[in-house]
C-alpha cells in the first residue's frame with residue numbers, strides 16, 4: 038500500500054471478550070502487538086493473524102484484523118499457503134512452546150528453512166497451559182507437573198539454537214514484562230523480509246508462575262539479561278560493567294576494569310553474523326546472561342519471491358497458459 | 005479377431021512401459037479403440053531376473069468398443085523367464101508367448117524358481133510359443149552402430165516392439181517419429197533404436213508362417229479429435245480448467261505418495277497457468293497450506309492416497325468447520341496401512357464418507373474412468389467453490405495410471421464458468437453494520453471474504469461458532485443447530501448435481517450398482533448380459549455424498565440389487581442403510597481390477 042494508514046491501538050481491538058486468566062502474560066503481549074500494528078505501515082485488511090492450538094493461539098480472535106485459528110501445531114503450513122496465494126499480506130503466526138515446538142516442530146523448522154516473508158511470535162512459558170499443566174519441550178529437567186509427578190526427565194530445546202540450526206534469517210527475544218522492548222522487536226520483525234521469529238518469555242500465572250522470574254524481576258534482571266544492540270559491545274549488569282568476551286572459541290563473562298579488560302575487548306554485536314547467532318543462541322543461564330533483542334538478522338531470498346519469480350519466468354518462457362492449446366498438443370488424431 | 009490384449013513384460017529396467025506406450029499410441033492413431041494399464045512393482049529396481057522385478061504394460065486394442073485394459077492377455081511378450089512365470093496364469097488359454105530366449109538361461113531360471121527351461125514343458129503345451137533371440141539379434145543388427153554393447157542391449161525393447169508391429173500390422177511411422185523427437189540431439193541413439201525396431205519387424209516377417217499376423221481394422225469411434233490420457237494427468241488438467249473457469253488461483257499442497265504423485269508432477273509443469281505447487285514437509289502441511297490458500301481466495305487442492313488421507317483427517321474437519329472451498333484427492337491403493345502401494349482398491353470409501361471426528365460431512369465424488377478424471381476434477385472444484393466446503397474426489401491406482409483415448413472436450417461449451425461466492429468488495433458493511441461471515445444463502449452457503457478486502461475483517465476458527473456471526477460459542481442449542489446446518493448444506497449439494505443415469509431399462513430383474521473406477525468392467529459385463537437378453541441394468545455412481553435425488557427411485561424399479569466393488573462391501577452397506585433394499589455384494593480385494601468375465605458370471609448367477 039502506498040498511503041500510510043493512521044491507526045490507534047483501539048482500531049485493532051475487536052468486540053470479543055478476552056478470555057485469558059487474570060494476570061496472564063498474554064495480555065501484555067496482545068497489547069504490545071496491537072500497539073505495534075499501528076506502526077508497521079500496513080492497512081488492517083492486509084494483516085492476517087494465524088495460530089494453532091493453545092492459550093496463545095486464541096490470539097487471532099482478539100485482533101481486529103483477518104485471522105485464522107487453526108489446528109494444533111500447523112499454523113506455519115496455513116501461513117505458507119496464505120502467503121503464497123496473496124504475497125501482499127502481512128502474516129503473523131502466533132504459537133507457543135507446545136504448539137510450535139512439540140506437535141508443530143516439523144512445520145516450524147521447515148518454515149524457517151524456506152524463509153517466506155512472515156512473522157512468528159512464540160510465547161514461551163515452558164508449560165502446557167490449555168491442557169492444564171503438563172511439561173513442555175522447553176520445560177526444565179525435574180519440573181514437577183501433572184504428567185511428571187516425579188520430575189520431567191526430558192532435556193529441553195533451546196529455541197534460539199533450534200532456529201539457528203533451521204536457518205532462521207531473523208531471530209529475536211523479548212519479555213512479556215517489557216512492553217516497550219516488545220513493540221520495538223515486533224516492529225523490527227515486521228521490517229525484516231523473510232521469516233522473523235520472535236521468542237517471548239511469557240509467564241503462566243497458573244501452572245508455571247515466575248518461571249522467568251530470574252530474568253524479569255527488578256532486583257537482578259540487569260545482571261541476568263544481555264540487551265543486544267547492533268554495532269554495540271555486549272555490556273550488561275546493573276553497573277554496566279559486565280561484558281562478553283571471546284576466549285578462544287567460547288564466549289566468557291568478564292568484568293570491565295578487572296585484569297585490564299576494557300570495552301574494546303568485548304564482542305561487538307553484529308546481527309548479520311551467522312556465527313554470532315549460533316554463539317548467542319547457545320548462551321544460557323546460569324553461566325551467561327540471557328541475550329535479548331535482535332540476535333540475528335540476515336538477508337536471504339524469500340520463499341514467496343522464489344515461487345512468484347518462477348511462475349513469472351515460466352510464463353515468459355512458455356507464454357501464458359492456454360488449455361485449448363495444451364489439450365491439443367502432443368499426439369492427437371482425428372476420427373472422421 | 006475383433007479385440008486383442010497384449011502384455012509386454014520384462015525387468016523393471018527393460019523399458020516395458022515405454023514399449024507398451026508406443027504400441028498403444030500407434031494403435032490409437034491407427035483408429036483402434038484402446039485401453040492400457042501399466043503394472044509395475046513398488047521397488048524401483050528389484051534384483052534383475054526375479055519375479056519381484058517384473059514390470060508389465062497391458063494394451064487392449066481393437067475394432068470393437070473397449071472400456072478396460074482387458075481381462076486376459078492374448079499375447080505375452082516375455083523378456084525373461086520371470087516375466088513368463090509371473091504372467092502365465094493370467095494368459096488366455098491358447099494364447100501366444102513371444103519369449104526372448106537369450107534371457108532363458110540356467111541362472112535366470114534359478115532366480116525365478118524354474119527347475120529348468122519351461123519352454124517345451126507340458127505346462128506350456130496349450131500355448132503357441134514364438135522363440136526369438138531378441139538380445140543377440142538386436143546386437144547383431146546394431147553391429148555397425150558406434151554404441152557400446154550395453155547401449156545396444158538397451159534397444160532390445162524396440163526389437164520386441166517391431167515383432168508385435170508386424171504381428172498386428174502396425175505402422176511404425178508414429179514410433180519412428182517419436183524416437184526422432186526423443187533422441188533428436190543424439191543421432192546414434194536415433195539410428196540404433198530405429199534400426200532395432202525395423203530389425204524386429206523384418207525378423208517377424210521372415211517367420212511369418214509361425215507368427216501368422218492378424219488384421220485389426222479401425223474401430224467405429226464417434227468423429228472428433230482425440231488424444232490419449234491417463235487418470236492422473238486428466239485430474240491435473242481438470243483442476244487447471246476449473247480454476248481458469250472460476251478466475252482464481254490454483255494452489256496445490258502435496259506430499260509425494262504412490263499412486264498420486266503424478267498429479268503433483270503434472271501440475272508442477274504448468275506454472276504458466278499461474279499454478280502454485282507446494283511440495284510440503286508432510287501430508288498434514290500439504291492440506292493445511294491448501295486451506296491457507298483457500299482462505300486467501302485461491303482454490304486449495306491436496307492430493308494423496310489412503311495413508312496420507314488418514315493424516316489429513318483433522319485438517320479436513322477444520323475445512324468443514326471453516327466452510328472454505330477445498331478439494332482433497334484420494335487416489336486409492338490397496339490398504340490398510342502401507343498395504344499395496346502400486347495396486348488398486350476401492351477400500352477408502354468409508355474413510356471418505358465417515359473418516360473424521362465429530363459430525364463432519366463432506367461432499368464425496370468419484371471418477372469412473374481415466375478420461376472422466378478431467379470432468380470430475382472440474383466438478384470437485386465447482387462443488388467446493390459453489391458450496392464453500394471441502395470435497396473429496398476419489399480416484400484409484402487403476403484409472404490413475406490407466407490410459408484411454410479421449411475426445412478433446414469443447415471447453416467453451418462445457419467448462420467455461422464456475423460461480424464463486426466472493427463478497428462485493430465495493431459494498432462493505434456501513435456504520436454499525438457488521439460483516440456476518442456465516443450468514444447464508446438459500447442453499448445455506450456462506451459468503452467468501454478474503455484478506456485484503458477492506459471492511460470485511462473477520463476471524464475464523466475450528467471452535468464451534470455462533471450462527472451468522474461466527475463468534476466462538478459453547479451454547480448447546482447453537483452447536484446442534486450448526487451441526488444440522490453443515491449437514492443440510494452438504495445435502496443441498498444434490499440440488500446442483502446431475503440426475504443419476506441408468507444404463508439399460510429403468511426397471512427389471514437385477515440392478516447392478518458400481519461406483520468409481522470399476523465402470524469399464526461393470527458396463528461391459530452388463531452390456532454383454534443385456535445382449536444375451538437378460539433384464540439387467542447398471543447404475544454407476546459418480547456422486548456419492550450426497551447421491552443424486554433419483555437414486556432411491558431407480559433402486560425401487562428392480563427386484564434385486566447387487567453392488568460390485570473392490571472392497572468388502574462398503575458401498576453396499578451405505579446403499580442398504582439409505583435405501584433398505586437388501587442389496588447383495590460382489591466383492592474382490594486382491595489389489596486387482598474386476599475382470600469382465602468374472603462379473604458376467606457373478607451377475608449372471610443372480611438372473
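Chains as they are written, first to last, in the working numbering: chain A, 38 to 373; chain B, 5 to 611. Idealized CB from N, CA, C, for every residue including glycine.
Where does residue i sit, in a helix, a strand or coil, going by DSSP?
i: residue 106/A; result: strand
i: residue 16/B; result: coil
i: residue 429/B; result: coil
i: residue 132/A; result: strand
i: residue 280/A; result: strand
i: residue 447/B; result: coil
i: residue 303/A; result: strand
i: residue 597/B; result: coil
i: residue 123/B; result: coil
i: residue 86/B; result: helix
i: residue 367/B; result: strand
Kindly indicate which residue of the options has the alpha-carbon position closest to the one of residue i.
i: residue 85/A; options: 464/B, 242/B, 327/B, 367/B; result: 464/B
i: residue 381/B; options: 437/B, 327/B, 304/B, 350/B; result: 304/B
i: residue 536/B; options: 311/B, 544/B, 605/B; result: 605/B
i: residue 50/A; options: 58/A, 64/A, 230/A; result: 64/A
i: residue 446/B; options: 459/B, 157/B, 390/B; result: 390/B
i: residue 461/B; options: 249/A, 98/A, 55/A; result: 98/A
i: residue 85/B; options: 394/B, 16/B, 118/B; result: 118/B
i: residue 148/B; options: 566/B, 193/B, 570/B; result: 193/B
Shorter than 7 Å from the beta carbon of residue i to some beta carbon of chain A?
i: residue 663/B; result: This structure leaves residue 663/B out entirely; chain B is present only between 5 and 611.
i: residue 29/B; result: yes
i: residue 463/B; result: yes
i: residue 280/B; result: yes
i: residue 67/B; result: no
i: residue 561/B; result: no
i: residue 412/B; result: yes
Pull up the distance between the alpha-carbon of residue i and that of residue j, whole angstroms please.
i: residue 413/B; j: residue 404/B; result: 19 Å
i: residue 469/B; j: residue 475/B; result: 5 Å
i: residue 154/A; j: residue 220/A; result: 19 Å
i: residue 205/A; j: residue 222/A; result: 16 Å
i: residue 419/B; j: residue 123/A; result: 26 Å
i: residue 281/A; j: residue 79/A; result: 38 Å
i: residue 200/B; j: residue 108/B; result: 20 Å
i: residue 595/B; j: residue 45/B; result: 12 Å
i: residue 72/B; j: residue 31/B; result: 15 Å
i: residue 112/B; j: residue 284/B; result: 42 Å
i: residue 450/B; j: residue 494/B; result: 12 Å
i: residue 282/B; j: residue 388/B; result: 20 Å
i: residue 392/B; j: residue 574/B; result: 27 Å
i: residue 146/A; j: residue 92/A; result: 22 Å
i: residue 229/B; j: residue 340/B; result: 41 Å
Would residue i pass as an interface residue toward chain B - the criterion being a Cβ-Cβ separation below 7 Å?
i: residue 143/A; result: yes
i: residue 217/A; result: no
i: residue 54/A; result: no
i: residue 85/A; result: yes
i: residue 279/A; result: no
i: residue 39/A; result: Residue placement at residue 39/A is flagged as unreliable, the pLDDT there being 47, under the threshold of 50; a coordinate-derived value is accordingly withheld.
i: residue 316/A; result: no
i: residue 160/A; result: no
Shorter than 6 Å, the distance from the beta carbon of residue i to the closest heavy atom of the ligand NAP, or not?
i: residue 343/A; result: The ligand content of the structure shown is nil, which means the ligand NAP is not present either.
Next on the checklist: Contact between the segment 135 to 153 of chain A and the segment 211 to 228 of chain A is defined here as three or more beta-carbon pairs at a separation below 8 Å; is this criterion met?
Outcome noted: No, the segment 135 to 153 of chain A does not touch the segment 211 to 228 of chain A.
Checklist entry - How about the segment 259 to 279 of chain A and the segment 325 to 332 of chain A: do they share at least three Cβ pairs that are nearer than 8 Å? => result Verdict: yes, contact present.
Checklist entry - Pairing CB atoms from the segment 6 to 17 of chain B with CB atoms from the segment 240 to 248 of chain B, are three or more of them under 8 Å? => result With fewer than three CB-CB distances shorter than 8 Å, the segment 6 to 17 of chain B does not count as touching the segment 240 to 248 of chain B.
Item to check | the segment 332 to 343 of chain A / the segment 290 to 297 of chain A touching (three or more Cβ pairs under 8 Å) | outcome: No, they do not touch.
Next on the checklist: Check whether the segment 485 to 501 of chain B and the segment 551 to 563 of chain B touch, using three or more Cβ-Cβ pairs below 8 Å as the test.
Outcome noted: When Cβ pairs closer than 8 Å are counted between the two stretches, the segment 485 to 501 of chain B is seen to touch the segment 551 to 563 of chain B, the count reaching three or more.
Next on the checklist: Across the segment 356 to 373 of chain A and the segment 47 to 62 of chain B, are there enough close Cβ pairs to call them in contact, namely three or more that are closer than 8 Å?
Outcome noted: Judged by Cβ distances under 8 Å, the segment 356 to 373 of chain A makes no contact with the segment 47 to 62 of chain B, as fewer than three pairs qualify.
Checklist entry - Pairing CB atoms from the segment 207 to 219 of chain B with CB atoms from the segment 128 to 136 of chain B, are three or more of them under 8 Å? => result Enough Cβ pairs lie closer than 8 Å, so yes.
Item to check | Contact between the segment 167 to 175 of chain A and the segment 247 to 256 of chain A (3+ Cβ pairs under 8 Å) | outcome: Short answer: they don't touch.
Checklist entry - Three or more beta-carbon pairs under 8 Å between the segment 430 to 445 of chain B and the segment 259 to 277 of chain B, yes or no? => result Because the criterion of three Cβ pairs below 8 Å is not met, the segment 430 to 445 of chain B and the segment 259 to 277 of chain B do not touch.
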